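Chemist:
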Amino acid sequence: MKELVIISGKGGTGKTSIISAFAAMAENKVLCDADVDAADLHLIMAPAILEHHDFTGGNKAVINKDRCTECGLCRELCRWDAISEDFVVDTISCEGCGVCWYFCPEKAIDFPEKTCGEWYISDTRFGPMVHARLGIAEENSGKLVTLARQEAKKLAEARGLNLILTDGPPGVGCPVIASMGGATAVLIVAEPTVSGRHDMERVAQLAAHFRVPALLSINKFDLNPDEAQTIEDVATAHNIRVLNRVPFDPAFTRAMVQGKTIVEFDGNSEGNKAVRKMWDQVRDFLEGHST
Amino acid sequence: MIISVASGKGGTGKTTVSTNLALSLDGKVQLLDCDVEEPNAHLFIHPTIDAVETVTTPVPVIDEKKCTLCGKCAEICQFKAIIVIGKTVLPFHELCHSCGGCLEVCPEDAIAEVGRELGIIETGHKNGLSFAHGKLRVGEAMSPPLISKVRSLTKTDGLTIIDAPPGTSCPVIEAMKETDFILLVTEPTPFGLHDLKLAVGAVRVLGIPCGLVINRSDLGDDNVKKYAEREKIPILMEIPFDRKIAEAYSRGTAIVEAMPEWKQRFVNLYEEMKNIVNNAGGKTS
């Protein structure tokens with residue numbers, strides 16, 4: 001089983017457009033959207049949902065006013081200032097640590113498990129897909145990312161498929177860490193800007209930290225070819241395999257507006273030609289690597 | 292007044308808007324880059340850094356001489372960050388949320404706290420502008436406590452502009468809560484619209500007035516505009532796709548520096564936000 005995870009550090013560099021194109025070209029695979037915080041892959045894949053599951057991640061404290069004597073111990077112990085002067089828990093600030101619930105002398109605090117998202121198994125025109133949606137203002141995105149990837153793997157095993165294409169989240173924090181552990185490789189999509197370079201270096205360090213092999217492609221390279229070259233040099237110095245560049249091509253946006261991959265939208269576009277070449281390189285790399 | 296600049300989708304132009312706004316205004320202005328996973332504002336502000344502070348979060352250490360292996364610490368921990376194996380108690384510092392429960396519950400007083408490094412905060416200035424950003428340590432998962440620490444630098448007078456991280460989960464809420472206005476930046480594409488709706492959902496949970504900047508406003512379709520009209524979200528600025536802007540951005544040059552004629556538009560943007568906050572009865576001083 002191989003898994004390729006697309007990440008970028010910086011958001012909006014073209015992760016989802018590129019993995020959508022891979023989805024149209026790859027065979028025998030499962031798609032996985034691990035950007036649970038702002039998932040977009042389904043907008044191109046138009047999945048028909050087959051299975052729908054709740055995601056429970058952690059608990060939240062609730063004070064029962066009938067039993068509460070307002071002794072104030074919970075407010076004293078809470079390190080998140082989540083309990084107001086009139087003893088109401090602010091669910092946004094509550095970390096779910098349960099300290100107030102554990103110590104309340106009146107047993108006036110409940111600590112119910114919380115549904116904080118959903119995950120789905122779907123069919124798409126490019127094969128099966130696992131995707132998820134974290135509730136707004138919810139926590140535990142890392143747990144949901146891990147769950148989505150586990151389910152994608154189970155699904156691939158059950159259907160005899162040998163590749164998982166995972167759309168990862170931006171950043172370098174909790175959900176990104178959860179998205180890359182145990183992957184065959186990560187593909188970093190960077191844009192040729194000073195921000196793009198800064199963020200690529202951080203996410204490259206993260207991949208090295210977790211010992212996941214990394215590949216790099218510069219998207220919209222022609223907006224600043226010098227910067228593109230600099231980023232590729234930095235990547236090479238970090239032992240990152242540099243793949244084919246992708247030009248700025250408005251066909252990506254036009255394809256997105258129609259809910260299509262660039263492969264379907266315009267096979268002759270420069271963007272499609274570049275992504276196709278990149279996919280051949282990715283496929284060869286994955287064949288030579290195992291997790 | 293505190294304005295946070297946010298977006299559901301990454302890469303829509305939050306940093307472009309927050310840095311250009313900060314560079315266009317006179318008077319007491321402070322820019323706090325709370326996108327601590329990937330802070331970029333400094334690349335456009337080019338601030339002089341005056342101080343660097345390491346930020347830590349408390350995590351438990353066990354005094355084995357005092358510990359009786361009663362297991363109460365493992366029982367209270369909701370994050371599986373402390374377990375008893377055989378004759379040792381093992382804390383997993385990277386999983387710890389620093390709630391202090393184990394410390395509180397230990398009957399032998401065998402637990403003390405040390406700091407786990409979350410990252411650093413750099414503070415500085417550029418001319419009259421105050422600047423600070425957090426930088427999450429690579430490998431560290433938890434950004435909200437570092438964001439909260441950056442926000443604690445908010446000055447009580449003047450204007451504070453917060454550059455928020457992308458998404459809609461806990462780090463974003465940490466950056467947007469208890470602000471006077473949320474400026475949402477989006478692009479007019481299906482991805483931009485979809486993630487904007489999520490961001491608006493988060494803004495509504497917080498109950499803070501918001502407005503919209505549409506970036507690369509001529510690439511895509513008009514569904515973002517229709518949505519904004521339906522939801523009565525004012526569109527405060529449109530920035531067309533302009534290769535000159537994109538190229539200046541790629542080099543780390545602010546729009547208002549490459550094209551000074553934009554400065555007045557950012558001043559106007561600020562005035563419009565101020566009016567909305569005034570009319571909503573909020574604080575604008």
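Read top to bottom, the protein sequences are chains Y and B. Counting in my numbering, the first sequence runs from 1 upward without gaps. Counting in my numbering, the second sequence runs from 292 upward without gaps. C-beta atoms are modelled at their ideal positions from N, C-alpha and C, and glycine is treated no differently. Keep in mind the model is a prediction, meaning the values are calculated, not measured.
If we cut at 7 Å on Cβ distances, does glycine 502 of chain B have a partner in chain Y?
Modeler: So, not an interface residue.
Chemist: Would you say isoleucine 367 of chain B lies against chain Y (beta-carbon separation less than 7 Å)?
Modeler: Output row for isoleucine 367 of chain B: interface = yes.
Chemist: Using 10 angstroms around the beta-carbon of isoleucine 353 of chain B, count the other beta-carbons present and answer buried if the total reaches 16, otherwise exposed.
Modeler: Looking at its Cβ environment, which holds 16 or more other Cβ atoms inside 10 Å, isoleucine 353 of chain B is buried.
Chemist: At a Cβ cut of 9 Å, what residues of the segment 62–82 of chain Y count as close to chain B, listed as they run along the chain?
Modeler: Per Cβ criterion, the list reads Leu77, Cys78, Arg79 and Trp80.
Chemist: For serine 179 of chain Y, which of helix, strand or coil comes out of DSSP?
Modeler: Three-state DSSP puts serine 179 of chain Y in a helix.
Chemist: In angstroms with no decimal places, state the Cα-to-Cα distance between leucine 527 of chain B and lysine 319 of chain B.
Modeler: One C-alpha to the other measures close to 23 Å.
Chemist: Identify the continuous alpha helix (DSSP H) that holds glutamine 150 of chain Y and give its terminal residues.
Modeler: Element bounds for glutamine 150 of chain Y: 141–158.
Chemist: Using a Cβ-Cβ cut-off of less than 8 Å, give me the residues of the segment 271–291 of chain Y that come near chain B, in sequence order.
Modeler: Listed by position along the chain: nothing, the set is empty.
Chemist: Could you please tell me which residues of the segment 98–132 of chain Y, in chain order, have their CB closer than 8 Å to any CB of chain B?
Modeler: Going along the segment 98–132 of chain Y in chain order, one finds Gly98, Val99, Tyr102 and Phe103 with a Cβ nearer than 8 Å to chain B.
Chemist: Within 10 Å of its beta-carbon, does serine 309 of chain B have 16 or more other beta-carbons around it, so buried, or fewer, so exposed?
Modeler: Classification of serine 309 of chain B: buried, given that the 10 Å Cβ count is 16 or more.
Chemist: Please report whether the beta-carbon of methionine 256 of chain Y lies at a distance below 7 Å from any beta-carbon of chain B.
Modeler: Yes, its Cβ sits closer than 7 Å to a Cβ of chain B.
Chemist: Quick check on leucine 216 of chain Y: buried or exposed, where buried means 16 or more other Cβ atoms within 10 Å of its Cβ?
Modeler: Classification for leucine 216 of chain Y: buried.
Chemist: Isoleucine 177 of chain Y versus chain B: which residues are under 8 Å apart at the beta carbon?
Modeler: By Cβ distance, chain B contributes Gly430 and Ala432.
Chemist: Taking only runs that begin and end inside the segment 306–342 of chain B, name each unbroken alpha helix (DSSP H) of 4 or more residues, in chain order.
Modeler: Entirely contained in the segment 306–342 of chain B, the alpha helix (DSSP H) runs reaching 4 residues are, in chain order, 333–336.
Chemist: With burial defined as no fewer than 16 other Cβ atoms inside 10 Å of the residue's Cβ, what is the status of alanine 46 of chain Y: buried or exposed?
Modeler: Exposed, because fewer than 16 other Cβ atoms sit within 10 Å of the Cβ of alanine 46 of chain Y.
Chemist: When the distance is taken between beta carbons, is phenylalanine 126 of chain Y closer than 7 Å to alanine 23 of chain Y?
Modeler: Closer than 7 Å, so yes.
Chemist: With distance defined between alpha-carbon atoms, name the residue in B:Pro456, B:Ala466 and B:Asp533 nearest to leucine 510 of chain B.
Modeler: Residue B:Asp533 is the option with its Cα nearest to leucine 510 of chain B.
Chemist: Can you give, in chain order, each stretch of the alpha helix (DSSP H) that sits fully within the segment 211–275 of chain Y and has at least 4 residues?
Modeler: Taking only runs of at least 4 residues, the alpha helix (DSSP H) segments lying wholly in the segment 211–275 of chain Y are 225–237, 251–257 and 262–265.
Chemist: Closer than 7 Å by beta-carbon distance: list the chain B residues that pair up with threonine 230 of chain Y, in chain order.
Modeler: By Cβ distance, chain B contributes nothing, its closest Cβ being about 11 Å from threonine 230 of chain Y, past 7 Å.
Chemist: Between Y:Val212, Y:Thr193, Y:Asp110 and Y:Met200, which lies nearest to alanine 185 of chain Y when the distance is taken from Cα to Cα?
Modeler: Of the listed residues, the one whose Cα sits closest to alanine 185 of chain Y is Y:Val212.
Chemist: What did DSSP end up calling aspartate 199 of chain Y once you bin it into helix, strand or coil?
Modeler: If DSSP states are grouped into helix, strand and coil, aspartate 199 of chain Y belongs with the helices.
Chemist: Give the secondary structure of valine 36 of chain Y by DSSP, where H, G and I count as helix, E and B as strand, and everything else as coil.
Modeler: Three-state DSSP puts valine 36 of chain Y in coil, outside helix and strand.
Chemist: Could you please tell me which residues of the segment 375–404 of chain B, in chain order, have their CB closer than 8 Å to any CB of chain Y?
Modeler: The residues in question are His388, Ser389, Cys390, Gly391, Gly392, Glu395 and Val396.
Chemist: Beta carbon of alanine 183 of chain Y, beta carbon of valine 36 of chain Y: below 7 Å?
Modeler: No, these two residues do not count as a Cβ contact at 7 Å.
Chemist: Taking beta-carbon pairs under 7 Å, can you tell me which members of the segment 477–491 of chain B lie near chain Y?
Modeler: So the close ones are Thr480, Pro481, Phe482, His485, Asp486 and Leu489.
Chemist: Excluding five sequence neighbours on each side, which residues of the same chain lie with their C-beta closer than 6 Å to the C-beta of threonine 124 of chain Y?
Modeler: Closer than 6 Å at the Cβ level, and outside the excluded window around threonine 124 of chain Y, lie Met45 and Pro47.
Chemist: Indicate whether at least one CB of chain B lies closer than 7 Å to the CB of glycine 173 of chain Y.
Modeler: Output row for glycine 173 of chain Y: interface = yes.
Chemist: What in chain Y is Cβ-close to aspartate 512 of chain B, meaning under 7 Å?
Modeler: Those are Val257, listed as they occur along chain Y.
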